[in-house]
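Quick note on numbering that gives the first Met the number 0: the sequence shown kicks off at 0 and runs consecutively.
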Amino acid sequence: MRVKNEAITLKACLESILPAIQRGVIGYNDCTDGSEEIILDFCAKYPSFIPYKYPFEVQIKSPKSQENYLYEYYNFVLSKIPKGEWLIKIDVDQIYDAKKLYKSFYIPKKDYELVSYSRLNVGIENNKVYVENGSSSKCLLTPGDHWLIKNVYLSFKEWIVNPEADPKDFCYCEVLGSTRDGSMLRKHYATELPCYHFAFIKDYRKITDFSHKEHWISLKEFKKLNPDGIIGTRIDPALLNEEEILKIYRGFNWSK
């Protein structure tokens, strides 16, 4: 887990994984919103979770030194996880169904297999739930940065998000490599939906008018549409309970 200014969803995320995950490392950096205090309180309560503060500022644009690159921060946190152990990367703006998360741990049978976690982008407007897009390929995402993988030959490499831009405007992020040469050659599995993704409450990508966005539809519409029949196959209908999603949302730490 990697954290920077995630106080709104942080406690809810940590509590949602607890029944499934009993130990872990929490890396954090440059926190100014109370996230550090939440992490330290959580780790004091659950000592099998260990906090690690990255001692350098992470700079996405024009990093001043090697330590300021995002991928170096990722490798710093990765170095705290024993070699040969299975690990899962938890995203702090996601709230998990612990039973489905735990079930996913039994998917890989071989050391070279990798599990990519599906996610549903969720937004709230006027006590109404919206989800992003209405086709299964766009709605139920399996991104390459949310996985269960064995810690064998793992390392993060530099990834320039916008290589077509002027070099002074490059955004330097990270990509995972998992073979001796740093490439990613593993058998992939995708999960059923185990979580909600509340990405758009963050200040830098905040959306509040979901009802007017082209690629968003109401949860009610989505359930009626059921693109490619994914509800009941890759999405448990029980996870599409609007009141339960609103309850999670209202329980976030809005004081931060």
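Every residue gets a Cβ at the ideal spot worked out from N, C-alpha and C, and that includes glycine. If you're wondering where the values come from, they're calculated on a predicted model, not measured in any experiment.
(Q) Just to confirm the assignment, what range does the alpha helix (DSSP H) spanning leucine 39 have? (A) 34-44
Q.
Taking the alpha-carbon of tyrosine 129 as reference, which of Lys212, Gly23, Arg1 and Asp168 has the nearest alpha-carbon?
A. Lys212
(Q) Which of the three DSSP states is assigned to lysine 149 in this structure? (A) strand
Q. Under a three-way DSSP split, which group does tyrosine 73 fall into?
A. helix
Q | Backbone secondary structure at isoleucine 106 - three-state DSSP | A | Note: isoleucine 106 maps to coil in three-state DSSP.
Q: Pull up the CB-CB distance for histidine 145 and tyrosine 116, whole angstroms please, since I reckon it's below 8 Å.
A: 5 Å
Q.
Would you call the segment 90-98 in contact with the segment 58-73, where contact means no fewer than 3 C-beta pairs closer than 8 Å?
A. no
Q) In this structure, what does DSSP give as the bridge partners for isoleucine 123? A) DSSP output for isoleucine 123 lists Val128 as bridge partner(s).
Q) Would you call the segment 22-41 and the segment 1-10 in contact, with 3 or more CB pairs under 8 Å? A) yes
Q: With a threshold of 16 other CB atoms inside 10 Å of the CB of asparagine 240, please say whether the residue is buried or exposed.
A: Classification of asparagine 240: exposed, given that the 10 Å Cβ count is below 16.
Q. Does the count of Cβ pairs from the segment 186-200 and the segment 109-123 closer than 8 Å reach three?
A. yes
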